[in-house]
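Protein chains in written order, with our numbering: chain A, 152 to 280; chain B, 167 to 545.
What follows is the structure in structure tokens.
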């Protein structure tokens, strides 16, 4: 799997794609693969304030429950309602199945996140364990 | 007890095969086991589960333990240590049973196979192998009966699903159509002679469990031959993830969850496998008293009525939010396409149709008590 270079990644396996002062957030292909068959996505309501590094929702596979961590601080402007009824789309296309859109409070926060190449290295190490 | 420390993690003879196939491995009761095989070969828990419900799947269950009791008083010994009535078994027949502590709680659940006139094989759980063997040995000392731990002698493969019989028949000279559910046979299999094959399983589906020599080469060869022979039936290798969801749909208990050393037979709802008409067995006296005193809590099936998935150990609440019990096993049910669970609740909340809540991340989410098993195969 090659990771799109048009976005940044967290060590908690979220991606964030920035467009001006707003951004789109999802989970990575590595995350969907580790979780297995995804059956449940719980995203916050529109208007929720997110704090970078804090949990904002849950994704569940048949076997596991996993927290979602906000890659950046800001306010939720839209959630992907499609995933409430078709969570398996995350397995099919993790980088195309966004979970929420947000406005960014402090775009500078994103500088601490990983590039596609660095994230790829990070997961290769994690998978090697 | 030997003073040698057990190795940190144990591997079955098929471990290398699972890794080659790209299985996701997890530690389960001290064993390094596949939880699911990769999506790239059509697997994953849901597909594996569906293969068993609609076709056939195979599982490495070599982590299960095997105890052989043989000798003049083997039947008396088995009767003493197990709650079902083994005197009802014909040679070649098997029954679901359990080993109990004197207080009527569970040492383990077992399948008792009668292999000969005075020969029985108990198939036990992975996590309780040593405990069970010691317990069986210690509790059968006064009987003229040899107790052997054969756990490391076999690679055990489960072939499960409506097409299991067709698949296995391709590989053996034994006439499987003559083997009824919970009976065993022996025959040639993949060039090996006198192989034990039981029509048993842990998936609430038809199927077989076979016991082959535990060397890695034979184990790998048989595993691969089964997969090759099963191609026409769409066979999938299946891991512990699907094994768990399959057994949950069928309400089959898992040690440490639905049954344990703190749960008694009446609470677990396994009454029909406990033969109180037997004059004596370990735990009988306590069970008689427990029944007279009245059962306080019961294992029930739950189905989520609101959006949310019950998970192991989540709290169960009454409608006003007071904790009344806990979930022993909870999961999405891939075949039924519902979110289900088993839970212990007080008897007054155990009636089918009772509304309860399951606490999920601090929120009470609606559920209802439903009849079990959730899934029952058509025969």
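No residue lacks a Cβ here, since even glycine has one placed at the ideal position from N, Cα and C.
{"Asked": "Look up residue 176/B in the DSSP assignment and say whether it is helix, strand or coil.", "Found": "strand"}
{"Asked": "Less than 7 Å between C-beta atoms, sequence neighbours within five positions excluded: which residues of the same chain meet that for residue 168/B?", "Found": "Confidence in residue 168/B is poor, its pLDDT being 44 and thus under 50, which makes the residue's placement unreliable; the coordinate value appears in the next sentence. Closer than 7 Å at the Cβ level, and outside the excluded window around residue 168/B, lies no residue."}
{"Asked": "Measuring only the C-alpha atoms, how far is residue 374/B from residue 262/B?", "Found": "15 Å"}
{"Asked": "Step through the CB atoms of chain A and report whether any lies within less than 9 Å of the CB of residue 494/B.", "Found": "no"}
{"Asked": "Can residue 201/A and residue 195/A be called in contact, C-beta distance under 9 Å?", "Found": "yes"}
{"Asked": "Would you mind giving the Cβ-Cβ distance between residue 483/B and residue 475/B, rounded to the nearest angstrom? I have them listed as a contact below 8 Å.", "Found": "Between residue 475/B and residue 483/B the Cβ distance is about 16 Å, and since that is not below 8 Å, they are no contact."}
{"Asked": "Would you say residue 426/B lies against chain A (beta-carbon separation less than 9 Å)?", "Found": "no"}
{"Asked": "Do residue 225/B and residue 292/B have their C-beta atoms within less than 9 Å of each other?", "Found": "no"}
{"Asked": "Which ranges would you report for the alpha helix (DSSP H) in the stretch 281-336 of chain B if only whole runs of at least 4 residues count?", "Found": "295-305, 330-335"}
{"Asked": "Taking one C-beta from the stretch 293-313 of chain B and one from the stretch 354-364 of chain B each time, how about it: are there three or more such pairs within less than 8 Å?", "Found": "no"}
{"Asked": "Quick one: what does DSSP say residue 489/B is sitting in, helix, strand or coil?", "Found": "strand"}
{"Asked": "How is the beta strand (DSSP E) around residue 266/B delimited, first residue to last?", "Found": "260-266"}
{"Asked": "By the three-class DSSP mapping on this structure, what secondary structure does residue 385/B have?", "Found": "helix"}
{"Asked": "Please list, in chain order, the chain A residues whose beta carbon lies closer than 7 Å to that of residue 371/B.", "Found": "Within chain A, no residue comes near residue 371/B; the closest Cβ sits about 18 Å away, beyond 7 Å."}
{"Asked": "Please identify the residue among 198/A, 243/A, 235/A whose C-alpha is closest to the C-alpha of residue 209/A.", "Found": "235/A"}
{"Asked": "Of all Cβ atoms in chain B, is any one closer than 9 Å to the Cβ of residue 235/A?", "Found": "yes"}
{"Asked": "If you follow the beta strand (DSSP E) that residue 359/B is in, where does it begin and where does it stop?", "Found": "358-364"}
{"Asked": "At a Cβ cut of 7 Å, what residues of the stretch 211-228 of chain B count as close to chain A, listed as they run along the chain?", "Found": "211, 212"}
{"Asked": "Using only the alpha-carbon positions, how far apart do residue 154/A and residue 270/B sit?", "Found": "56 Å"}
{"Asked": "Within the continuous beta strand (DSSP E) that includes residue 193/B, where are the two ends?", "Found": "190-194"}
{"Asked": "In chain B, which residues lie with their C-beta within 7 Å of the C-beta of residue 180/A?", "Found": "The contacting residues do not exist; residue 180/A stays about 11 Å from chain B at best."}
{"Asked": "What's the gap between the Cα of residue 469/B and the Cα of residue 536/B?", "Found": "6 Å"}
{"Asked": "Would residue 302/B count as contacting chain A if we go by Cβ distances under 9 Å?", "Found": "no"}
{"Asked": "Report the residue ranges of all beta strand (DSSP E) runs contained in full by the stretch 456-522 of chain B; include only those spanning at least 3 residues, in chain order.", "Found": "463-470, 481-483, 489-499, 504-512"}
{"Asked": "Mark residue 347/B as exposed unless 16 or more other C-beta atoms lie within 10 angstroms of its C-beta, in which case mark it buried.", "Found": "exposed"}
{"Asked": "Under the assumption that residue 179/A contacts residue 160/A (Cβ atoms under 8 Å), give the Cβ distance between them as a whole number of angstroms.", "Found": "6 Å"}
{"Asked": "Just to confirm the assignment, what range does the beta strand (DSSP E) spanning residue 252/A have?", "Found": "251-255"}
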